[in-house]
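Participant: So the protein sequences, as listed, match chains A and B.
Start counting the first sequence at 582; every next residue gets the next number (the numbering used here).
Start counting the second sequence at 582; every next residue gets the next number (the numbering used here).
Starting off with a structure, shown below.
Number of protein chains: 2
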Amino acid sequence: MNKVAIIGVGHTKFGRLQGKNILDLLCEASLEAIDNSNTGDKEFDSVYVGAMSPGVLNHMTGIASALVDRIGLIPAAADHIKNGPASGGSAIKAGFLAIASGVNDLVLVVGGEKMTHITTPGFITSNVATITHHQAERRHGVSLPSFAGLLTRAYLEKYEAKLEWISEIAIKNHKNGALNPIAHFQKTIDEFMKSAIQKGKGQWNDVNEFLRDDKTNPIIADPLRLFHVCPISDGAAAVVLCNAEIAKNYCDTPVLITGVGQATDTHIVHEREDVTVLNALRNCSNQAYKMANKTPQDIDVAELHDAFEILEVIESEDIGFFKKGEGARAAHEGLTEIGGKIPINPSGGLKARGHPLGATGVAQVVELFWQLRGEAGKRQVEGAKTGITCNFGGFGNSIVSILVERM
Amino acid sequence: MNKVAIIGVGHTKFGRLQGKNILDLLCEASLEAIDNSNTGDKEFDSVYVGAMSPGVLNHMTGIASALVDRIGLIPAAADHIKNGPASGGSAIKAGFLAIASGVNDLVLVVGGEKMTHITTPGFITSNVATITHHQAERRHGVSLPSFAGLLTRAYLEKYEAKLEWISEIAIKNHKNGALNPIAHFQKTIDEFMKSAIQKGKGQWNDVNEFLRDDKTNPIIADPLRLFHVCPISDGAAAVVLCNAEIAKNYCDTPVLITGVGQATDTHIVHEREDVTVLNALRNCSNQAYKMANKTPQDIDVAELHDAFEILEVIESEDIGFFKKGEGARAAHEGLTEIGGKIPINPSGGLKARGHPLGATGVAQVVELFWQLRGEAGKRQVEGAKTGITCNFGGFGNSIVSILVERM
């Protein structure tokens, strides 16, 4: 199996990006990654695009081959990889396999989504809910936020954790996002509070009080409130992958993808023995650790899929950083902060960097690329040599993990 | 690079399949393939699903992970591969890469589409047209049939070919389809004519006269008529792939995938130097020939993408069987019939077997599997040892070729 290196990355700002369509965003991230990888004069073998719903949200199919034309990579092969909100992770895996097999030497992977132009209330949530089970879940009105609310309740009860600890993860991720110039939200929650006070929206003694206010932080799916939930965002992120043998021709400090894992769990959430366990993550992270010959203790930094802040807790357990039931307390004790035992989501995570569905899995790897090369600025995890991702598709029924290391 | 074998196949009937949804069809083909491959007690590593538009046509996303659960393959990785009407070919390529890389040993690939429940006139054609270029094509009302009409006119004029020769391809493919028990249409055009006569719809002296009748064979996109165009179909097809080293544990006569190619051409059709040339096919078939160390002269049987009968002509040239401009005459002379120099579409092709978009690329490989194992019944190409496919995405801007051989 050929070794696979990342030799360049691109990343649009995430957020409400008006006047740009999905292809514009994919182009922007792709061209930046190609430029960053010094491969501008090379022939690419393949392009993989991760996106969840461009057919429904943007009335565009065939976006991968359209992109190849627009950025001048004809005749490179072009495929669109779909795995719900884990489409980006799956696209990276596809690019990895193309090079690992020896069939390709140079591959572009880009994930993106354009969502904020949809203004019909509930349309996005309903569209994402098409990944739930039709008969058992969706026709009863279940959505991903409602699942996350139920999961939060189940977790808090089973492990005697506090909702405040979950809120503290949002506080941490906004703090990290404030240090990330491409994040959707670059403001701490403290700053959100001060801004609300200035605008005369209310008066609060501290952030915890602000976060308990039904007006500024309304309930989305009890007990989850607005600040427990990631935003709807536009954006794209890209990586250039190549056979590690030729990586140093392009780049002094490539990053290796040494582990890749992906696994499936039951489609119907209530069929799982314990809903607070993500079996798919246990399986896929174990695949990634095994391929890379690493353990969770070897990981210096992680990008997890906190579409809802409860997920960061559960993922931090099932990916092997903390024992079951101890993730929320570990976060409360600061172990997942930058500078803590295992920094999680230094980028700001989905909560603050934002969540343009198909972009997220690629953006996670881009953040780790920066972290491992010491290029993460004020949010740098010092000395980070090894990182892992969790990219979550469906409601935990399809999960991808990518493990990266300094070359 | 590990060698990749096909050890079992499944194929639903193609046609108007009422009372079954997209997942039902994927399940049916998948379970048949697993049964056929004697792997029922084995753990699959990955499942790849090729489908063009289940999000829009069936309001289902996450179909790959849903399928894995439903057919009992948890925790196998699950991805949905999209490449327009070439989604099936791309899914096979993805499965090939997973095994060729050594990351996977046992993979299920299934392609499918459920379309005939959509009764809104023009909805399917409009949906497929989302793969054309928005600004340059789609907003002017271009659709794939209209492109095919223009292409037919350009070809007939440039190469002094006759429309009757294109019609003869439809006649051949219906003749082949009549020998294929899973084809959408299992009737020769002669039989269609006789049935129309019996129903009192008219009186014709021969098939050519029948095919010139505006009532029974109306113009779809001048000069193309109904019988020059493939139907809208439901169906699914599946293959089980494994590392060739272990293939004989499951199957006495595996078929090897020895060549895989995929290439992109300009998104805007009028930007091509010559619209009668499919550069993407030239590129991708050359990749497949090169990987397999074969030439077009080594091919015994081919499954080409005749969504419109003109495409079979042009593809038969650009895949290397005939010189440019000689494909229509070659078909007229019978060279592409079963028993001819290079039999094309013994299955009946998209015209008669049908075209459930994402299923087609997989169904082509299933037909070649049967042909190479001598299991194609009355449509058997005697002694076939090597076959190739052309699976056409967009309007020629993304094409996949798979080359298979007897082991």
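Heads up, the beta-carbon is just placed ideally off N, CA and C, and yes, glycines get one too.
What residue range does the alpha helix (DSSP H) around Val523(A) cover?
Facilitator: Lying outside 582 to 988, the shown extent of chain A, residue 523(A) is not represented and no answer is given.
Participant: Return no unless some Cβ of chain B is closer than 9 Å to the Cβ of Arg597(A).
Facilitator: The residue labelled residue 597(A) in the question sits at position 16 within the first sequence. Chain B, which has no Cβ nearer than 9 Å to the Cβ of Arg597(A), makes this no.
Participant: Is it the case that the Cβ atoms of Leu557(B) and Gly683(B) are separated by a distance below 9 Å?
Facilitator: An answer regarding residue 557(B) cannot be provided, because it is not within the stretch 582 to 988 covered by chain B.
Participant: Could you tell me the boundaries of the alpha helix (DSSP H) in which Arg537(B) lies?
Facilitator: Residue 537(B) is absent from the structure shown; chain B starts at 582 and stops at 988.
Participant: List, in order along the chain, the chain B residues whose C-beta lies closer than 9 Å to that of Gly600(A)?
Facilitator: Position 19 of the first sequence, counting from 1, holds the residue named residue 600(A). What Gly600(A) touches in chain B: nothing, since even the nearest Cβ is about 15 Å away.
Participant: With burial defined as no fewer than 16 other Cβ atoms inside 10 Å of the residue's Cβ, what is the status of Lys932(A): buried or exposed?
Facilitator: For the purposes of this step, residue 932(A) is taken as residue 351 along the first sequence, with counting starting at 1. Lys932(A) should be labelled buried.
Participant: Distance, Cα to Cα, Ile712(A) vs Ile644(B)?
Facilitator: Translated into the one-based positions of the first sequence, residue 712(A) becomes position 131. Translated into the one-based positions of the second sequence, residue 644(B) becomes position 63. Taking the straight line joining both Cα atoms gives about 8 Å.
Participant: Name, please, each residue of chain A whose Cβ falls closer than 7 Å to the Cβ of Ala819(B).
Facilitator: The count along the second sequence starts at 1 and reaches residue 819(B) at position 238. Those do not exist, as Ala819(B) stays about 17 Å from chain A at its closest Cβ, beyond 7 Å.
Participant: Do you know offhand how far Ser928(B)'s Cα is from Thr857(A)'s?
Facilitator: On the second sequence, residue 928(B) is found 347 positions in, with the first residue counted as 1. On the first sequence, residue 857(A) is found 276 positions in, with the first residue counted as 1. Answer to the nearest angstrom: the Cα atoms are 50 Å apart.
Participant: Tell me, to the nearest whole angstrom, how far the beta carbon of Ala819(B) is from that of Val691(B); I am working on the premise that it is less than 8 Å.
Facilitator: Counting from one through the second sequence, the residue named residue 819(B) turns up at place 238. Counting from one through the second sequence, the residue named residue 691(B) turns up at place 110. Confirmed, Cβ separation roughly 4 Å.
Participant: Identify the continuous alpha helix (DSSP H) that holds Val962(B) and give its terminal residues.
Facilitator: Taking the first residue of the second sequence as position 1, residue 962(B) is located at position 381. Taken as a continuous stretch (DSSP letters only), Val962(B) belongs to no alpha helix (DSSP H), as it is neither H nor E.
Participant: Output needed in chain order: residues of the stretch 922 to 946 of chain B with a Cβ under 7 Å from some Cβ in chain A.
Facilitator: Those residues of the stretch 922 to 946 of chain B that come within reach of chain A (Cβ to Cβ, closer than 7 Å) do not exist; the list is empty.
Participant: Taking DSSP as the reference, what is the three-state secondary structure of Phe595(A)?
Facilitator: For the purposes of this step, residue 595(A) is taken as the residue at position 14 of the first sequence. It is coil, neither helix nor strand.
Participant: CA-CA distance, Ala614(B) and Gly589(B)?
Facilitator: Position 33 of the second sequence, counting from 1, holds the residue named residue 614(B). Position 8 of the second sequence, counting from 1, holds the residue named residue 589(B). Rounded to the nearest angstrom, the two C-alpha atoms are 5 Å apart.
Participant: Could you check whether the Cβ of Asp846(B) sits closer than 9 Å to any Cβ belonging to chain A?
Facilitator: Residue numbering aside, residue 846(B) sits at position 265 when the second sequence is read from its first letter. Chain A, which has a Cβ nearer than 9 Å to the Cβ of Asp846(B), makes this yes.
Participant: With 9 Å as the threshold, decide whether the Cβ of Asp660(A) is near any Cβ in chain B.
Facilitator: Along the first sequence, read from residue 1 onward, the residue named residue 660(A) stands at position 79. Yes, Asp660(A) counts as interfacial toward chain B.
Participant: Using the DSSP secondary-structure output, state which residues sit across from Ser982(A) in a beta bridge.
Facilitator: As a working mapping, residue 982(A) is identified with position 401 in the first sequence. Its beta-bridge partners are Gly842(A).
Participant: Where do the ends of the beta strand (DSSP E) carrying Ile801(A) lie?
Facilitator: Numbered from 1 along the first sequence, position 220 holds the residue referred to as residue 801(A). First-last of the beta strand (DSSP E) with Ile801(A): 800 to 802.
Participant: Comparing alpha-carbon positions, which option in Glu624(B), Ala657(B), Ala911(B) lies nearest Asn978(A)?
Facilitator: What you label residue 978(A) is simply residue 397 of the first sequence in a count that begins at 1. The candidate whose alpha carbon is nearest that of Asn978(A) is Ala657(B).
Participant: Is Glu884(A) helix, strand or coil when you go by DSSP?
Facilitator: On the first sequence, residue 884(A) is found 303 positions in, with the first residue counted as 1. DSSP places Glu884(A) in strand when its eight states are reduced to three.
Participant: List the whole-angstrom C-beta distance separating Ile659(A) from Val628(A), where the pair is believed to meet the contact cut-off of C-beta under 8 Å.
Facilitator: Start at 1 with the first residue of the first sequence, and residue 659(A) comes out as number 78. Start at 1 with the first residue of the first sequence, and residue 628(A) comes out as number 47. Sequence check: residue 659(A) is Ala here, not Ile. Confirmed, about 5 Å.
Participant: So which of Arg910(A), Leu598(A), Asp881(A), Gln878(A) has the shortest CA-CA distance to Glu893(A)?
Facilitator: Position 312 of the first sequence, counted from the first residue, corresponds to residue 893(A). Comparing Cα-Cα distances from Glu893(A) to each of Arg910(A), Leu598(A), Asp881(A), Gln878(A), the minimum goes to Arg910(A).
Participant: Go ahead and pull the three-state DSSP assignment for Pro877(A).
Facilitator: Here residue 877(A) refers to the residue found at position 296 of the first sequence. DSSP places Pro877(A) in helix when its eight states are reduced to three.
Participant: Consider the Cβ of Ser627(B): report whether some Cβ of chain A lies at a distance smaller than 9 Å.
Facilitator: Residue mapping note: residue 627(B) aligns to position 46 of the second sequence, counting from 1. Taking Cβ atoms only, chain A reaches closer than 9 Å to Ser627(B), which makes this a yes.
Participant: How would you list, in chain order, the residues of chain A whose beta-carbon sits under 8 Å from the beta-carbon of Thr797(B)?
Facilitator: In the second sequence, counting from the first residue as 1, residue 797(B) sits at position 216. Result: empty, since nearest Cβ-Cβ is about 33 Å, beyond 8 Å.
Participant: Report the residues of the stretch 726 to 752 of chain A with a CB closer than 9 Å to any CB of chain B, ordered along the chain.
Facilitator: Listed in sequence order: no entries.
Participant: Give the residues from the stretch 832 to 846 of chain B that approach chain A closer than 9 Å (Cβ to any Cβ), ordered along the chain.
Facilitator: Cβ contacts with chain A: Val841, Gly842, Gln843, Ala844, Thr845, Asp846.
Participant: Using a Cβ cut-off of 9 Å (strictly closer), state whether Val649(A) contacts chain B.
Facilitator: As a position in the first sequence, residue 649(A) is number 68, starting the count at 1. For Val649(A), the answer is yes, since a Cβ of chain B falls inside 9 Å of its Cβ.
Participant: Going by DSSP, which residues form a beta bridge with Gly834(A)?
Facilitator: Taking the first residue of the first sequence as 1, we reach residue 834(A) at position 253. According to the sequence as given, residue 834(A) is Thr; it is not Gly. None, per the DSSP bridge assignment.
Participant: Pull up the DSSP beta-bridge partners for Pro666(B), would you.
Facilitator: Position 85 of the second sequence holds residue 666(B). Answer is Asn664(B), bridged to Pro666(B).
Participant: If I follow the unbroken beta strand (DSSP E) through Leu687(B), where does it start and stop?
Facilitator: Numbered from 1 along the second sequence, position 106 holds the residue referred to as residue 687(B). Counting along the chain, the beta strand (DSSP E) containing Leu687(B) begins and ends at 687 to 694.
Participant: Give me the Cβ distance between Ser897(B) and Leu885(B), rounded to the nearest whole Å; I'm assuming they're in contact under 8 Å.
Facilitator: Here residue 897(B) corresponds to residue number 316 of the second sequence, with the count starting at 1. Here residue 885(B) corresponds to residue number 304 of the second sequence, with the count starting at 1. That pair is a contact at about 6 Å.
Participant: Let me make sure I understand the geometry here. Which of Asp887(A), Gly901(A), Leu862(A) has the alpha-carbon closest to that of Thr876(A)?
Facilitator: Taking the first residue of the first sequence as 1, we reach residue 876(A) at position 295. Minimum Cα distance to Thr876(A) is reached at Gly901(A).
Participant: What separation, rounded to the nearest whole angstrom, lies between the Cα atoms of Ala586(B) and Cys832(A)?
Facilitator: Looking up residue 586(B) in the second sequence gives position 5. Looking up residue 832(A) in the first sequence gives position 251. Each residue's alpha carbon lies about 37 Å from the other.
Participant: How would you list, in chain order, the residues of chain B whose beta-carbon sits under 7 Å from the beta-carbon of Ala861(A)?
Facilitator: The residue you call residue 861(A) lines up with position 280 of the first sequence. Pro656, listed in chain order.
Participant: Going along chain A, which residues have a C-beta under 7 Å from Leu678(B)?
Facilitator: In the second sequence, counting from the first residue as 1, residue 678(B) sits at position 97. Here the neighbours are Leu678, Ala679, Ser682, Val684.
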